[in-house]
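As you go down the protein sequences, you meet chains A and B in turn. Following the numbering used here, the numbering of the first sequence begins with 1 at its first residue and continues without gaps. Following the numbering used here, the numbering of the second sequence begins with 1001 at its first residue and continues without gaps. For every residue, glycine included, the Cβ atom is placed at its ideal position computed from N, Cα and C. In what follows, a single structure is set out as structure tokens and then discussed.
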Amino acid sequence: MRPITGPLPVVSLPEDRPRLRYLAKVRWLLLAVAVALSAIGLATIHSASSELPVDYLPRQAVWVAIGLVAFLVAFAIDYHKLVKFSLAFYLGSLVLLVAVLLFGQEVGGARSWLGFGRWRLQPSELAKVATVLLLARYLAAVNRRVLGLKQVGVASLIAGAPMVLVALSPDLGSAAMFVPMLGGMLLLAGVRWRVLVAGLLIAVVVGFVSWNVVLLDYQKDRVRTFLSPGSDPLGAGYQLRQSKIAVGSGQITGRGYGQGTQSQLRFLPARHTDFVFAVLAEEWGFLGAVATLGLFSAYVLSGARVAARARDRTGILLVVGLLSVFTVHVLYNTAMVVGLVPITGIPLPFLSYGGSFTLANFFATGLILGVDFRRYVNR
Amino acid sequence: MATHVREHRDNLVQRLPLLQLVFVAAVVLIGGSYWFVQVVHGDYYRELAENNRLRNLPIKAPRGLIFDRHHRRLVENTPSYNLLIDRARAADLAASLEFAGGVLERPAAELAELVERPAPSAPFQPVLVAEDLNLAQVARFSAAALEHPEFEIDVRHLRLYRHGPFTAHTLGYLGEVTEAELARPGSPYVAGDLVGRRGIEQRYDLTLRGEDGEQVVTVDSRGRLREQSGRRPARPGQRLDLTLDLELQQEAAVYFDRRVGATVVLDPDSGELLAVVSAPSYNPNLFARRLARDEWRELLDAPHDPLQNRALQNTYPPGSIFKIVVAVAALSEGVARPSDTAFCSGATTIYNRRFRCWRRGGHGRVNLREAIKESCDVYFYQLGQRLGIARIAEYARRFGLGAPTGVDIAGEKAGLVPDPDWSLRVRGERWYSGETISVAIGQGPLLVTPLQVASLMATVVNGGRRVTPRLVRGERNDPGAADLDPAAVAVVREALIAVVAERATGAAAQVDGLTVGGKTGTAQVVRQKTWVDSATLPYEQRDHAWFASFASDGRSRLVVVVFVEHGGKGSAAAAPLAKKLYETYYRPATGRQPA
């Protein structure tokens, strides 16, 4: 085994630039879906903010524009280069996560943002991408059919360090996203099933300890509320209940754009961020919700296609890591809105309002398509 | 190296379909959940959403105002602000109550006791914290609406009875609807409604209350009004114009300041009641807010039962006033002619029993007119003996005794006109003929209400035509002719004028310029063996004083009945008030100021 800090196997040479004619072969559907979802997001955010002190539409539009630039940057840069510097990114993001714990701004009970004048940055989004890059680099370099315990351990440490820091902020939702990232990448990289099962057991134990020692009361309340929603009609259960009412009252065809009473009359909390999908489901009904889920599925399955035809281990692992995070965001958020899982601050990619998050998703899309673009590179 | 990579690359992709499968399964599961929530249960959530935003706010119909005959307002509606708390909205109930206690200047613990009192019917209904807030307090709660959304200010209109105790028995008051009233089929009430209790408020409740409207409003999550949609306006209650004359009512009430009894002033032509006073009285405005238990107890335990309307809910022996009935009966039945005389030596023996006249020395030889004028008992003993109980009872009923007058106030008593039938049925013993003699002068089991006596006097004034006393101007419902001989009634009426005019028992009621007629009555409470001055007896044993009278200035006529419980002699205790009332009533006609 090579130490992760050692020289990497050369899988792509810097001079091996992809020819531009291969641009046509890139799975642009992914970008199209991302843009379509962003457009839906902008419209829904606009509707949801009609009763908010500011309209979040222009702000989010700016973020989408910046996101498209981020996409281009991520697409243009050879991912091998990014992987090469992943350790630096990773360590840098860890520093930022520590900084946010020390100097961060507190929003909604969690110290997750670093303020720079008017701008705020959510380092956890940065850390996710950096961690995927480093994991891809490490697991690609392992280059074995079956992962040993040691590799699983090292990979877990890589994912665990930022996860713990994010959890301390405390932002459980974002912290939890490191688990599917690690799980998805390990699964592809050849982890043994028994190791995976053992890992799940460890997660249960960690969860038990977390519940009793780590979790703050308001976080516990959220989980408890999920287990018995009637117990707290105006607390977190209120959100759950109002969200379900919003979704259900949309019925098949919805109440019409801007006509959702739950959203327009402020019954629905966090309706431009975490619960934006409830607004969509209320105003566009089951058809709108399913169509949007279909777009998300198209994104994920297209992404999986990109992973399947990627040229090298790094590419595959990178795409799968990014997709895992994306997928769990989508699944958890939509499940949360309809009341399947406890409420956690997990936004919906491209739809929820949020700068860092939108940026990160476009950047990830750029990385994925970059991998696709470079599959024909000759060596 | 390239081949090496390729080999392991394929291995990596091997598990990808599994992940895709898991993803698709999850999407299907989530999509299925949306199907269930939106399509299968969509109606349910749509309704919840509608209830979330739509609230039905009742629009209380303003209760009809009540006026006296001269359009003077007797009752008004004044706004009153109540503080309610919605416990479900209070994040920290203790802090909320601390805040409320500060504003209301009451200890929070006291409020907590009120709020935590279990409300079994509706645990999520807002609970009343305090009543009758002043405007400064209302403003403070409104200003704190953001921090304390759990508090609500409820405006309701309280009944303010302008003349308080003076009109209490007649007007009644409002009380919260009872469970039993709500449960009654076809009940127009909803929980929390105020309904009329006693008097006009009770009798005309449906007229006065109108019909509540409803306002459908859209509210946001903080309960703030966003827009108004459906609206069914309230139909205000109708105003009531009473026949009461506030001035007469007040004058009579003031006269009864320290007395116990009742006064009825009646227009014999129309049956309109110009005053109905019962004393002692109570303050009906006490009932406007929730009565504390001890306040209620105090009212119930007060001496002489102030809640009782003595004008029509208490019955008394009529005493000599009943001689009017016996005289008319005797004349109509031909058992006596006006000129027939009897000798009164102060007592007589009938059925082997000695019956005394009220005047110890007797009246000597008297005819009917003189017997009425002097209220000679012996003369009427003999009439009673000749008439017999059956005919006396018959004529008493023709005058409307023994049955409610039909006045438009609930709870009127029928009184009692005794006869042998009644004796067997109720007392279980046969009629004792000596009782007939007692009844002939208005004693014995005979019982009447002051209102019945007023009605009787109206019949006399009208020459036998009866009227139904009423308090609300409008339709009349008179029983008409009473099957009484107008000539006989006329004779008695002339005799009654003599009672006042000829310095007899009713002289105290004489008003210059008016023709006044009347009959005093002194109803024994305890039978006395000898002639006793009632004034020397203990209060409870003193005689009741009656004065039933009428007056005319040639155009309009008026009946005044004054009853003073344990007041002694009618001539002294009751007649002076009648005089005052006539003076007041006829002041515009006579142009004189009352003495």
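Just how far apart, CA to CA, sit residue i and residue j?
i: B:V1453; j: B:V1115; result: 52 Å
i: A:A65; j: A:I245; result: 33 Å
i: B:S1121; j: B:V1472; result: Unreliable placement is indicated for B:S1121, whose pLDDT of 44 sits below 50; no coordinate value is reported for it.
i: B:V1489; j: B:T1468; result: 19 Å
i: B:R1365; j: B:P1538; result: 35 Å
i: B:E1181; j: A:L331; result: 57 Å
i: A:A48; j: A:G153; result: 44 Å
i: A:M163; j: A:V276; result: 26 Å
i: A:L240; j: A:V279; result: 13 Å
i: B:L1383; j: B:V1461; result: 22 Å
i: A:P349; j: A:L323; result: 11 Å
i: B:L1012; j: B:F1023; result: 18 Å
i: A:L168; j: B:R1232; result: 57 Å
i: B:D1485; j: B:R1397; result: 14 Å
i: B:Q1238; j: B:I1066; result: 9 Å
i: A:R375; j: A:R194; result: 33 Å
i: A:A335; j: B:L1286; result: 59 Å
i: B:E1475; j: B:E1272; result: 11 Å
i: B:P1188; j: B:E1201; result: 15 Å
i: B:A1130; j: B:N1082; result: 6 Å
i: B:V1491; j: B:R1555; result: 21 Å
i: A:F286; j: A:L295; result: 14 Å
Check whether the Cβ atoms of residue i and residue j sit closer than 7 Å, and answer yes or no.
i: B:L1208; j: B:R1063; result: yes
i: B:G1602; j: B:R1542; result: It is not possible to answer for residue 1602 of chain B, since the shown part of chain B is limited to 1001 through 1595.
i: B:A1190; j: B:R1140; result: The displayed chain sequence assigns Val, not Ala, to residue 1190 of chain B. No; because the gap between Cβ atoms is not below 7 Å, this pair is not in contact.
i: A:G173; j: A:I346; result: yes
i: B:T1167; j: B:L1074; result: yes
i: B:N1051; j: B:H1157; result: no
i: B:L1111; j: B:A1100; result: yes
i: A:I45; j: A:Y353; result: yes
i: A:S297; j: B:V1027; result: yes
i: A:T358; j: A:G104; result: no
i: B:L1447; j: B:T1315; result: yes
i: B:Q1385; j: B:I1350; result: yes
i: B:P996; j: B:V1561; result: Because chain B is modelled from 1001 through 1595, residue 996 of chain B falls outside the range shown and cannot be assessed.
With burial defined as no fewer than 16 other Cβ atoms inside 10 Å of the residue's Cβ, what is the status of residue i: buried or exposed?
i: B:Q1443; result: buried
i: B:L1496; result: buried
i: A:Q262; result: buried
i: A:G207; result: exposed
i: A:Y218; result: exposed
i: B:W1296; result: exposed
i: B:H1071; result: exposed
i: B:T961; result: There is no way to answer for residue 961 of chain B, as the model of chain B reaches only from 1001 to 1595.
i: B:D1267; result: buried
i: B:Q1014; result: exposed
i: B:K1579; result: buried
i: B:F1380; result: buried
i: A:L367; result: buried
i: B:D1421; result: exposed
i: A:S38; result: buried
i: A:N143; result: buried
i: A:A76; result: exposed
i: A:P233; result: Only weak support exists for where A:P233 lies, its pLDDT of 46 falling under 50; the value from the coordinates is given anyway. Exposed, since its Cβ has fewer than 16 Cβ neighbours within 10 Å.
Say the cut is 6 Å; is the CB of residue i nearer than that to a heavy atom of the ligand FAD?
i: B:V1040; result: Annotation note on the ligand FAD: not contained in the displayed structure, which lists no ligands.
Uninterrupted alpha helix (DSSP H) stretches inside the stretch 1507-1559 of chain B (no shorter than 4 residues): none
Could you please tell me which residues of the stretch 237-266 of chain A, in chain order, have their CB closer than 8 Å to any CB of chain B? For the stretch 237-266 of chain A, the set of positions with a beta-carbon nearer than 8 Å to some beta-carbon of chain B reads Q242, K244, I245, A246, V247, G248, S249, G250, Q251, I252, T261, Q262, L265, R266 in chain order.
Fully enclosed by the stretch 28-90 of chain A, which alpha helix (DSSP H) runs are 4 residues long or longer? 29-48, 57-76, 79-84
Closer than 7 Å, Cβ to any Cβ of chain B: which residues of the stretch 293-312 of chain A, in chain order? Contact residues of the stretch 293-312 of chain A toward chain B are L293, S297, V300, L301, A304, A307, A308, D312 (C-beta to C-beta distance below 7 Å).
Suppose only complete runs of 4+ residues qualify. What are the alpha helix (DSSP H) ranges in the stretch 1198-1265 of chain B, listed by chain order? 1199-1203, 1205-1209, 1246-1255
Give, in chain order, every residue of the stretch 182-206 of chain A whose Cβ lies closer than 9 Å to some Cβ of chain B. G184, L187, L188, A189, G190
Between the stretch 1037-1070 of chain B and chain A, which residues of the former have a C-beta closer than 7 Å to a C-beta of the latter? V1037, Q1038, V1039, H1041, G1042, Y1044, Y1045, R1046, L1048, A1049, N1052, R1053
In the stretch 328-344 of chain A, which residues sit with their C-beta less than 8 Å from some C-beta in chain B, listed in chain order? L331, T334, A335, V338, G339, L340
Alpha helix (DSSP H) runs wholly inside the stretch 233-288 of chain A, at least 4 long, in chain order: 236-249, 261-264
Got a sec: which bits of the stretch 158-179 of chain A sit with their beta carbon under 7 Å from any beta carbon on chain B, in order along the chain? Within the stretch 158-179 of chain A, no residue has a Cβ that lies closer than 7 Å to any Cβ of chain B.
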